[in-house]
Amino acid sequence: MWTIWTTLQIGLVALGLLLVYGSDQLAQPILMRAGITSLGLAMIVMGLEAIVKRRVVRWKRGRPREAYIGIPAILQGIQFNFIGLFLIGAAIMMQFNNGREIFLQAIRRPGPLLVLLGGLCLLQMLIMLLGSGKTRNESQGLRTFDMVVGR
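Using our numbering, you'd call the opening residue of the sequence shown number 6 and step up by one each time.
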């Protein structure tokens, strides 16, 4: 089903990829930052869709493959928003600072980056645990095995 959310997501991703490619071809670093910002906005739109609709469906070969409904979908949306904000923040920092300086700062003080990464990992764990039982009626052992091997 084609909605305004889908149009926004596809448009922002296409614009971001075109800007990043144009940056490489035209040797204009500002286009790279604009492309990263556009991809960050696309992630935020994906996250907002998941929060508003409270449903995340992954499509494979024209059929819905897996759906998160309720709390796991909201958590997935929050995770997408964090990643989008991180991309936008990285683009802004690259605009005002040298990329090498940002890298050196992350090496000198890795704490904030590790906290962000750990938080995203914990959020993904919650999404997997809460969303695993909603889609299938299997035994607990099969669900645990599927989570460990399948993902």
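All C-beta atoms, glycine included, are put in the ideal place defined by N, C-alpha and C. Nothing here was measured: the structure is a model prediction, and the numbers come from that model.
Under the three-state DSSP convention, the category residue i falls into
i, result
"Ala19", "helix"
"Arg114", "coil"
"Ala72", "strand"
"Arg105", "helix"
"Arg59", "coil"
"Thr42", "helix"
"Thr11", "helix"
"Gln100", "helix"
"Gln81", "helix"
"Gln33", "coil"
Option nearest residue i by Cα separation, candidates the options
i, options, result
"Leu131", "Val57, Asn86 and Leu80", "Leu80"
"Gln14", "Leu118, Leu122, Ile49 and Ala111", "Ile49"
"Gly82", "Val62, Thr12 and Gly27", "Val62"
"Lys58", "Trp10, Ser28 and Leu135", "Trp10"
"Gln136", "Ala78, Arg114 and Gly104", "For the record, residue 136 in the displayed sequence is Gly; it is not Gln. Out of Ala78, Arg114 and Gly104, Ala78 has the C-alpha closest to the C-alpha of Gly136."
"Ile56", "Phe87, Gly104 and Arg66", "Phe87"
Residue i vs residue j beta-carbon contact at 8 Å
i, j, result
"Gly40", "Gly89", "no"
"Arg60", "Ile74", "yes"
"Leu36", "Leu24", "yes"
"Gln84", "Leu125", "yes"
"Met99", "Ile112", "no"
"Phe91", "Leu121", "yes"
Inset, instruction - Please confirm if the stretch 39-52 is in contact with the stretch 95-108, defined as three or more CB-CB distances below 8 Å between the two stretches. - result: yes
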